[in-house]
Amino acid sequence: MTERVHVEQQDGVAQVRLDRPEKKNALDAGMFDGLLSVARSLRHERSLRAVVLSGAGDSFSSSLGDMVSGDLDPESESIQAATRDLSRDGANRAQQLAWLWQELPVPVIAAVQGVAFGGGLHIALGADIRIVAPDARIAFVEITWGLVPDLSGTQALRRLVPLDVAKKLIFTGEVISGERAVALGLGTELSDHPVEAATELARVIAGRSPDAVRAAKQLLNQSGLVPLAEGLANEMAASSGLMGRPNQIEAVMAKLQKRSPQFQDPETAVGPIEGETR
Numbered sequence: 001m002t003e004r005v006h007v008e009q010q011d012g013v014a015q016v017r018l019d020r021p022e023k024k025n026a027l028d029a030g031m032f033d034g035l036l037s038v039a040r041s042l043r044h045e046r047s048l049r050a051v052v053l054s055g056a057g058d059s060f061s062s063s064l065g066d067m068v069s070g071d072l073d074p075e076s077e078s079i080q081a082a083t084r085d086l087s088r089d090g091a092n093r094a095q096q097l098a099w100l101w102q103e104l105p106v107p108v109i110a111a112v113q114g115v116a117f118g119g120g121l122h123i124a125l126g127a128d129i130r131i132v133a134p135d136a137r138i139a140f141v142e143i144t145w146g147l148v149p150d151l152s153g154t155q156a157l158r159r160l161v162p163l164d165v166a167k168k169l170i171f172t173g174e175v176i177s178g179e180r181a182v183a184l185g186l187g188t189e190l191s192d193h194p195v196e197a198a199t200e201l202a203r204v205i206a207g208r209s210p211d212a213v214r215a216a217k218q219l220l221n222q223s224g225l226v227p228l229a230e231g232l233a234n235e236m237a238a239s240s241g242l243m244g245r246p247n248q249i250e251a252v253m254a255k256l257q258k259r260s261p262q263f264q265d266p267e268t269a270v271g272p273i274e275g276e277t278r
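When we follow this note's numbering, the leftmost residue of the sequence shown carries the number 1, and every step to the right adds one.
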């Protein structure tokens, strides 16, 4: 937990809340550092089952306003710092702000209400699932600053919507409603109370075998990015690796005995199959 990012964990679910409500959770240096620190820390939590990302107050995040209006010299110390420290996926430090949630081994659910603009939208797109308020306002605003989305949003968006839809959203900076976002595929589902809905979903996921959930996230993130033969082989390797393990046996016994399963924490903080998570 940091001054800008509040974290609470209960029963395997981590609530990660952007905490700058007076600025609609606009991203500043403190929040930037806090989110990176929290994401990296959660990656090593064996007891973690799911994450809910939300914003304090009435909005998710209103972008990088403070940072964009500052020093834009590409040779400046702040810009240089943001574009170094490549991850294994090639994401620089700024891009990791959103992409690290994809690399987290457990499902991440974004609860989007109010505004999700620019960098804030990138963070939401880094989640695996987005629960969106119907009246939320969502936009790639970078074009209005004479820039392009550069916090990994172009890569995440392209996997969610058709190319022509992605281009229209980015070329225009159009503000769309949460209802429209879900219709386009940018959001997963609508809720008048996205934080509560996201938390309920996270609890359902937390009740499944953590080994299977982590393996499924890796497999799905790899799909379409590796050759079909490799993807099919990874699928079989994951299934074989899970079969007969304590948590898989517990899942079967719990169903047969009509009781809630009691799963063990994964042996490591990463999933049971190898490969790059994207």
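For every residue, glycine included, the Cβ atom is placed at its ideal position computed from N, Cα and C.
Practice task
Please report the residue range of the alpha helix (DSSP H) in which Val38 lies.
Solution key: Ala29 to Leu42
Exercise for the section: Can you have a look at Lys217 and say buried or exposed, based on whether 16 or more other CB atoms are within 10 angstroms of its CB? Expected result: buried
Problem - Test item: CB-CB of Ala238 and Ile131 under 8 Å - result: No.
Handout entry: Cutoff 6 Å; reference His6; Cβ partners in own chain excluding five residues on either side
Key = Arg17 and Asp19
Handout entry: Nonlocal neighbours in the same chain, by C-beta distance under 8 Å from Ser223, ignoring five residues either side
Key = Gly231
Exercise for the section: Using 10 angstroms around the beta-carbon of Ile109, count the other beta-carbons present and answer buried if the total reaches 16, otherwise exposed. Expected result: With 16 or more Cβ atoms within 10 Å of its Cβ, Ile109 is classed as buried.
Practice task
With DSSP as the reference, please indicate the residues paired to Val5 in a beta bridge.
Solution key: Leu18
Problem - Extent of the continuous alpha helix (DSSP H) to which Phe171 belongs - result: Leu163 to Thr172
Problem - Rounded C-alpha distance that separates Pro227 from Asn221 - result: Here the C-alpha atom of Pro227 lies approximately 13 Å from the C-alpha atom of Asn221.
Exercise for the section: Starting from the Cα of Glu235, find the closest Cα among Ala29, Gln248, Gly244 and Ala212 and give me that residue. Expected result: Comparing Cα-Cα distances from Glu235 to each of Ala29, Gln248, Gly244 and Ala212, the minimum goes to Ala212.
Exercise for the section: Would you give the residue range spanned by the alpha helix (DSSP H) that Val182 belongs to? Expected result: Gly178 to Leu184
Practice task
Starting from Ala111, trace the beta strand (DSSP E) both ways and give me its first and last residue.
Solution key: Val108 to Val112
Exercise for the section: Find the nearest neighbour of Ala116 within the set Leu147, Gln95, Asn92 and Ile176, judged by alpha-carbon distance. Expected result: Taking only the C-alpha atoms, the option nearest Ala116 is Ile176.
Practice task
Assign Ala183 to buried or exposed, taking buried as 16 or more other Cβ atoms, counted over all protein chains shown, within 10 Å of its Cβ.
Solution key: exposed
Handout entry: Inter-residue Cα distance where the pair is Gly146 and Leu53
Key = 29 Å
Handout entry: Selected residue, minimal CA-CA separation from Pro105, among Met253, Glu267, Ala215 and Asn247
Key = Minimum Cα distance to Pro105 is reached at Ala215.
Problem - Status (buried if at least 16 other CB within 10 Å, exposed otherwise) for Lys258 - result: exposed
Practice task
Locate the alpha helix (DSSP H) running through Ser240, then write down its first and last residues.
Solution key: Leu228 to Leu242
Handout entry: Those residues which DSSP pairs with Val132 across a bridge
Key = Val112 and Leu190
Handout entry: Sequence-distant residues of its chain with Cβ nearer than 6 Å to Glu179 (five each side left out)
Key = Pro134
Handout entry: Start-to-end residues for the alpha helix (DSSP H) that takes in Val252
Key = Pro246 to Leu256
Practice task
Return the residue from the list Met253, Lys24 and Thr154 that minimises the CA-CA distance to Trp99.
Solution key: Thr154
Exercise for the section: Look at the Cβ atom of Gln113, then the Cβ atom of Ala91, and state whether they are nearer than 8 Å. Expected result: no
Handout entry: C-alpha gap between Pro107 and Arg49, whole angstroms
Key = Taking the straight line from one Cα to the other gives about 7 Å.
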